[in-house]
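**Student:** My questions will all concern the structure given below.
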Amino acid sequence: MQISLITLNARYSHSCPALFHVRNVLAQGLPESSLVLHQFTINDPYYQTLLRITGDQPELICFSVYIWNAEYTLRLVGDLRRVLPEVVIILGGPEATFMGPESLPAGCAIVRGEVEGLGEDFFRDLAAKTLQSEYRAAGNPPFAMPYLEPDFAAHLENRNIYYESSRGCPFSCSYCLSSVEHGVRYRELDEVYRELAIILVHGPKIIRFVDRTFNGLPERALAIWRFLLAQPGETLFHFEIAPDLFTEEMFAFLTQVPHDRFQFEIGLQSTNPETLQAVNRKMDLARAGENIRRLVGLDNIHLHLDLILGLPYETEATFRTSLNEALAMAPHHLQMGLLKVLPGTPISRAAVEFALVSSATPPYSVLATRWLDHAQLRRLYWLGECLEAFYNNRFFRNTLNYIMKKGDEPFGFFAQLLTVCQTAGFFSLAKTQELMTRMLVELARTREDGELFCELLRFDWLVSGQRIMPPYLIAESSKEIRDYLWLHLPESLPPQYTRLTKNEFFKRGIFARFSGQLLQAVGLAESKGQSSQSGYVCFLPEQECVAGHQRQQHTVFFPEEKGKGQ
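Numbering (the UniProt record's numbering), first residue to last: 1 to 566.
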């Protein structure tokens, strides 16, 4: 039997471990079959994707369905049924689990649950091409790494590799599909080590652990971390962690982690206790906040913090508090995600109680709640998009650090920036660094510290690697400053340059003059007591690591008064 296994990832760099699990189960149950595996993306041209599927001349097509690809998949299913009426189509995966057979064309079957739990009846019916409309897999089947040696070159090269050392989640958050099942199944550590060693031989750029709460058992998490850091290579490891489940032993170990090796995705969701209780999210908020700040302080692990907009009991005021408190923790990336009212979850059954209005089709995004009408939710959503554009790209690291240290309320700052952006039609334009800087310059016109604010933007523009200043940021000619410093700096100024390399140093650098207030704000003058003295900064092409994983252009500071490098 010719079988095509298909999924549509959100982007090319992603991969779908479920497809490999299905491949292995079908290869064992139908050893005479011929299996073809396709990982398309939801951004691929639809018609070409359809033709590539039909070009395999399949007798059976299996789709792995998720909220991000459900609409695309169902469109394919409809058209495949028209052009290949005899082909059997099977749908599985989280989104298919709650589909009704009546919502699909004739000749389609739904598999509910984990593919490893399918019984002999499924394979018997499949071989005879007499499938029932749905099959339910037995719960809690054993599972192992699904990848075979040829997969790493054929299907996983230049993609994220997803790995699960456990299935299930220790929490039962009412908005999550994991709440439908209870308990966690942990793999034996020796098996985990063996499988990870196989993957690491291929030198992947990223391994993403899909364990729903990787540090649910702190000692086990620590053992895996120790194993990973003992392996050669530069692979980045991604973990979903609960911020309140760290031990002192874990923190002691994490201080040893090199930059660009670990990144943590932290599901904070809200800092409103009433909201967390309503969605059955158990968390020690005080400890979570303290641990996140400690992780930021380690300065060696990328931290991605999540908030969810539209949860029960979350008003505009409480969400404002959640956002302010989350930003005060200074994560490297803050995502304001929309609540998805997924079918089959406990929160979907409480939709009337919470007055939840959500989209009828995937991804089932919330539109209004009892505590946020649609206009309020719309406003907060665009605030989140503003935050995504200006906070998460790190173009404005020094400017935003200044805002936080100055004591400006983060929510208020981004709300003002949102007004500027909406007036300019920002969200319908390409979000380039130049456009974002222009929006911030417009905001500076309304601030008492507008002059310093624009200086910060000028510094961030140059330290991010830009070499040509936009007209609205130019204060003095870089060439004139370069010529002045060439005449007034000594012939030799180690370690910056020698007499023989002075010319090369000045050719490679971009020069700008800044006030003492700016130099203090960015930390260039502070350490030598030059807070009130203006000076010059040379921005060189070489990058240096700052604030953990972040990189910026190397800078050299020359105090204006003395005319000597510091």
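Think of the CB as a built atom: it goes at the ideal place given N, C-alpha and C, for glycine as much as any other residue.
Treat the numbers as computed from the prediction; the structure is a model and nothing was measured.
1. What is the residue span of the alpha helix (DSSP H) that residue 199 lies within?
2. Whose C-beta lies closer than 8 Å to the C-beta of residue 377 among residues of the same chain, with five residues either side of it excluded?
3. So, under 8 Å CB-CB, residue 134 and residue 110 are touching, yes? Tell me the CB distance rounded to an integer number of Å.
4. Taking the C-alpha atoms as reference points, what is the distance between residue 70 and residue 152?
5. Per DSSP, which residues does residue 333 bridge with? Please list them.
6. Tell me, please, whether the region 186 to 203 touches the region 155 to 166 by the rule of three or more beta-carbon pairs shorter than 8 Å.
7. With a threshold of 16 other CB atoms inside 10 Å of the CB of residue 201, please say whether the residue is buried or exposed.
8. Evaluate contact between the region 322 to 333 and the region 342 to 359, counting only Cβ atoms and requiring at least three cross-stretch pairs below 8 Å.
9. By DSSP's criteria, residue 78 is part of a beta bridge. Which residues make up the other side?
10. Going by other Cβ atoms of all chains shown within 10 Å of its Cβ, with 16 needed for buried, is residue 404 buried or exposed?
11. Do the region 91 to 102 and the region 56 to 69 meet, that is, are 3 or more Cβ pairs less than 8 Å apart?
12. Going straight from the alpha carbon of residue 510 to that of residue 554, what length do you get?
13. Residue 291 and residue 262: beta carbons closer than 9 Å?
14. To which residues does DSSP link residue 557 through a beta bridge?
15. Looking at the secondary structure, which residues open and close the beta strand (DSSP E) in which residue 207 lies?
16. Given residue 49, which residues of its chain have a CB within under 6 Å of its CB, disregarding the five upstream and five downstream residues?
17. Nearest-angstrom Cα distance between residue 45 and residue 6?
18. Return the CA-CA distance between residue 8 and residue 508, expressed in angstroms with no decimal places.
19. Specify the secondary structure class of residue 87 as computed by DSSP and reduced to three states.
20. List the endpoints of the continuous alpha helix (DSSP H) containing residue 617.
21. Within 8 Å, do at least three Cβ pairs link the region 17 to 30 to the region 55 to 64?
22. Where in the UniProt domain "B12-binding" (1 to 133) do unbroken runs of the alpha helix (DSSP H), each at least 4 residues long, occur, reported from the N-terminal end onward?
23. Considering only the alpha carbon of each residue, which of 20, 47 and 43 lies closest to residue 35?
24. Since I believe residue 114 is in contact with residue 144 (beta carbons under 8 Å), could you give me their beta-carbon distance rounded to a whole number of angstroms?
25. With respect to the alpha helix (DSSP H) encompassing residue 249, which residues constitute its N-terminal and C-terminal limits?
26. Tell me where the beta strand (DSSP E) around residue 238 begins and ends.
27. Measuring straight from C-alpha to C-alpha, what distance separates residue 462 and residue 389?
28. For residue 340, list the residues DSSP reports as bridge partners.
29. Would you tell me roughly how many angstroms separate the C-alpha atoms of residue 470 and residue 456, rounded to the nearest one?
30. Can you tell me whether residue 296 is helix, strand or coil according to DSSP?
31. Give the straight-line distance between the Cα atoms of residue 490 and residue 560, rounded to the nearest whole angstrom.
32. Considering only the alpha carbon of each residue, which of 397, 419 and 411 lies closest to residue 433?
33. Where DSSP assigns a beta bridge to residue 512, which residues make up the other side?
34. Quick check: the Cα distance between residue 150 and residue 176, rounded to an integer number of angstroms?
35. Which residues in the same chain as residue 81 place their Cβ atom closer than 6 Å to its Cβ, once the five residues preceding and following it in sequence are excluded?
36. For the region 478 to 485 against the region 517 to 527, are there 3 or more C-beta pairs whose distance is under 8 Å?
**Tutor:** This is what the structure gives:
1. 189 to 200
2. Answer for residue 377: 309, 310, 366, 367, 368 and 369, listed in chain order.
3. 4 Å
4. 27 Å
5. 304
6. yes
7. exposed
8. No: the two stretches stay apart, fewer than three of their Cβ pairs being nearer than 8 Å.
9. Partner(s): none; residue 78 has no beta bridge.
10. Exposed, because fewer than 16 other Cβ atoms sit within 10 Å of the Cβ of residue 404.
11. The answer is yes - the region 56 to 69 touches the region 91 to 102, with three or more Cβ pairs under 8 Å.
12. 11 Å
13. Contact flag unset, no.
14. 537, per the DSSP bridge assignment.
15. 206 to 209
16. 40
17. Straight-line spacing of the CA atoms in residue 45 and residue 6 works out to 15 Å.
18. 46 Å
19. In this structure, residue 87 counts as coil in the three-state DSSP scheme.
20. Limits of the chain in this structure are 1 at one end and 566 at the other, which puts residue 617 out of reach.
21. yes
22. 17 to 29, 46 to 54, 70 to 83 and 120 to 128
23. 20
24. That belief does not hold up - the Cβ atoms of residue 144 and residue 114 are roughly 12 Å apart, past 8 Å.
25. For residue 249, the enclosing alpha helix (DSSP H) begins and ends at 248 to 254.
26. 236 to 241
27. Counting only the Cα atoms, residue 389 lies some 19 Å from residue 462.
28. 365
29. 14 Å
30. helix
31. 14 Å
32. 397
33. Answer is 537.
34. 34 Å
35. 105
36. no
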